[in-house]
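For reference, the structure is listed below as structure tokens.
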Amino acid sequence: MAGHSKWANIQHRKGRQDEKRGKIWTRIVREITVAARQGGGDPAMNPRLRLAIEKAKAANMPADRVKYNVDKATGSLDGISYEEIRYEGYGIGGAAIIVDTMTDNKVRTVAEVRHAFSKHGGNMGTEGSVAFQFKHVGQMIFAPGTSEDKVMEVALEAGAEDVITDDEGAIEVLTAPADFEAVKAALEAAGLTAEIATVTMRSDSTIELSGEDAERMQKLLDVLEDLDDTQDIFHNAAL
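According to the working numbering, the residues represented by the sequence shown are 9 to 247, in order.
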């Protein structure tokens, strides 16, 4: 299937995240903490923890720091209790935005998120106001030049829901969240390693923004991204 061009957007975001490596570690620690607390400290029995540990390895986090945070979360050490909260809103041009946070102070977090939206041209919405535009999926993206036929054959055989090639030749594999690890493992066994592999919120529709509107939207996303309690941001703007 053909799809909209996402490669530039994805590489842009990946580059911006790489610039904020210290903050990435903080977010991974929180994710490990909540995953271990909810599902136990054994990665073999806890898919969410396995994924968090994979992210930690990809971000070059030392193994002893990972273990320390798993132990802290499972009661071996005292730690702060985090709550997961999702906020929804609209950005420039009506683009939909989801902000996933992890916080030890809900009052502080909602105030900061609301302020970011209002100050930078967006509007914070109510629960469910934009989430219906997104689907919770496993997503793997392969760089242009990867064999589409090989990716499609392996992915669909392993249980993927869809394989989409965009205008620039990047290949996107979509799975149900529960099938993500199995499909990823099958692709890697076939020598196919994704540039990006994650469980995410994906929107089928996009809002094209350019010029000043794109700059304003990027500023809003950057401000939301820089909030201490932000874990992840999903949006449907093509900048």
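A virtual CB, placed ideally from N, CA and C, is assigned to each residue, including glycine. Only a predicted model underlies this, so the values are computations on that prediction, with no experimental measurement involved.
Distance between residue 130 and residue 60 (C-alpha atoms, nearest Å): 30 Å
Residue closest to residue 43, alpha-carbon to alpha-carbon, out of 54, 174, 34: 54
Limits of the beta strand (DSSP E) - the one that residue 243 falls within: 238-243
Secondary structure of residue 171, DSSP reduced to three states: strand
Beta-carbon contacts of residue 242 that lie in its chain and below 7 Å, excluding the five residues immediately before and after: 106, 142, 208, 209
Residue 156 vs residue 96 beta-carbon contact at 8 Å: no
C-beta atoms of residue 78 and residue 49 nearer than 8 Å: yes
Alpha helix (DSSP H) runs wholly inside the stretch 162-213, at least 4 long, in chain order: 188-197
Three-way DSSP call (helix, strand, coil) for residue 6 in this model: No statement about residue 6 is possible, as the shown extent of the chain runs from 9 to 247 and does not include it.
Close Cβ partners of residue 111 (< 7 Å) along its chain, the five nearest in sequence each way excluded: 90, 91, 93, 117, 237
Segment contact, 8 Å Cβ cut-off, at least three pairs: the stretch 194-208 with the stretch 143-151: yes
Residue of 184, 164, 231 minimising C-alpha distance to residue 198: 164
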